[in-house]
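Asker: Structure incoming, see below.
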Amino acid sequence: MRNKLRKKYQKRVNKLIKEVNKSIKEDPLWNGRFVFHIMDSYFERFEDGSGGLLYVVVRGYDKKDEYHKDYTLEYIPYLRLGAKYDIWQIANNFITKDTDT
């Protein structure tokens, strides 16, 4: 059961990261200059067995300057919009603040 739940959460996070990468690729300003990858993940099950929490290390990569930075994301399935918002905030902070753009 543990692995099944982890795979389910991982699949959802992968889908969100793909959505961000696709949007950046199609953006007329950035033209796919930035890309995000999942570097590592760790699953922690709740004590009562009702679910779990997936910690994900997301790496932002700037293809032009070959710069990268890692971020930690906590994925909680019942806060789907929160996770989507957090991933977009990571992308926004990487593009606007952490790189020299």
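Note that my numbering has the sequence shown beginning at 40, numbered continuously upward.
Ideal Cβ placement from N, Cα and C applies to all residues, glycine included.
All values derive from a computational prediction rather than experimental measurement.
1) Applying the criterion that 16 or more other CB atoms from any shown protein chain within 10 Å of the CB defines a buried residue, is Leu68 buried or exposed?
2) Just confirm the distance between the C-beta atoms of Leu55 and Ile126, as a whole number of angstroms; I'd bet it's less than 8 Å.
3) Taking Val96 as the reference, give the member of Leu112, Glu86, Gly90 and Asp87 with the closest Cα.
4) Assuming Asp101 contacts Phe73 under a Cβ cut-off of 8 Å, what Cβ separation, rounded to an integer in Å, is found between them?
5) Please state if the CB of Asp109 and the CB of Asp139 are separated by a distance shorter than 8 Å.
6) In the DSSP assignment, the beta strand (DSSP E) including Asp101 goes from what residue to what residue?
7) The beta strand (DSSP E) spanning Glu105 covers which residue range?
8) On the three-state DSSP scale, how would you describe Glu58?
Answerer: Straight from the coordinates:
1) Counting every other CB atom within 10 Å of its CB across the protein chains shown gives Leu68 a total below 16, marking it as exposed.
2) Contact between Leu55 and Ile126 holds, with the beta-carbon distance rounding to 5 Å and staying under 8 Å.
3) That would be Leu112, whose Cα lies nearest to the Cα of Val96.
4) Sure, about 6 Å apart at Cβ, within 8 Å.
5) Annotated as distal: Asp139 and Asp109, with beta-carbon spacing of 8 Å or more.
6) Where Asp101 is concerned, the enclosing beta strand (DSSP E) stretches over Gly91 to Asp101.
7) Run containing Glu105: none; DSSP gives neither H nor E here.
8) In this structure, Glu58 counts as helix in the three-state DSSP scheme.
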